[in-house]
Ligand SMILES: [Zn+2]
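Residue numbers (the numbering used here): -4 to 171.
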């Protein structure tokens, strides 16, 4: 998955499908485009497009140029992707994902887990201890869970992400 795809899935998760559609349409666009043109192109309501554009601009992903229309006297907004800022936004995102993965890794490493063999529910040592090592849902006997595989996977993801971050940080610092 390349960095742009990561960003698109973040947009889709955090801002929703409208924002994702608008962002992708702006990526396709070589030039600036107005909210009304976008609405037409995407077959969406102008208000939905505007909302998506403002949400994207809150994350610094889009920027606009405002021009007063001489005949109507209203402002027209020309939107585009904030291309200059995109690499550093992607980098910030990756850093925050890495922090979450490292927290999770620490949690997995510092805790012993127990699992119910009947319904698959998972408990920390404290929870299992409080329940006398029986499942509070079904009364089944809890068994110690080996989470070394989970730890291994998390560690690999964190390592790969850290490498990507190092490369991108290097690129950003050498281009500025
Ligand atoms: Zn159970």
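A virtual CB, placed ideally from N, CA and C, is assigned to each residue, including glycine.
Keep in mind the model is a prediction, meaning the values are calculated, not measured.
Which residues does DSSP pair with residue 140 in a beta bridge?
-> 108
Can you list the residues near ligand 1, meaning Cβ strictly closer than 6 Å to any non-hydrogen atom, in the order they appear in the chain?
-> 111, 113, 114, 116, 130, 132, 133 and 135
Expected contact under 8 Å - CB spacing of residue 107 and residue 120 to nearest Å = 4 Å
Spatial neighbours of residue 30 within its chain, please: CB distance less than 7 Å, with the 5 preceding and 5 following residues excluded, ordered by chain position.
-> 41, 44, 45, 48, 72 and 74
Does the distance from the C-beta atom of residue 163 to that of residue 86 stay below 8 Å?
-> yes
Do residue 14 and residue 176 come within 8 Å of each other at the CB atom, strictly closer than that value?
-> As displayed, the chain neither begins before -4 nor continues past 171, which places residue 176 out of reach and without an answer.
Could you give the DSSP three-state label for residue 155: helix, strand or coil?
-> helix
Reduced DSSP category for residue 150 - H, G, I as helix; E, B as strand; rest coil | helix
Residue burial classification, residue 118 (beta-carbon count within 10 angstroms, cutoff 16) = buried
Could you give the residue range of the beta strand (DSSP E) that holds residue 132?
-> First-last for residue 132: undefined, no H or E at that position.
Outcome for residue 57 when other beta-carbon atoms lying within 10 angstroms are tallied against a minimum of 16 = buried
Between the Cα of residue 145 and the Cα atoms of 157, 10, 102 and 129, which residue gives the shortest distance?
-> 102
Please check the pair residue 139 and residue 113, which I expect to be a contact at CB under 8 Å, by giving their CB distance rounded to whole angstroms.
-> Incorrect: roughly 16 Å between the Cβ atoms, too far for contact.
Whose C-beta lies closer than 8 Å to the C-beta of residue 99 among residues of the same chain, with five residues either side of it excluded?
-> 149
Drop a sphere of 10 angstroms on the beta-carbon of residue 17, count the other beta-carbons inside from all chains shown, and report buried for 16 or more, exposed for fewer.
-> buried
Do you know how far the Cα of residue 116 is from the Cα of residue 54?
-> 37 Å
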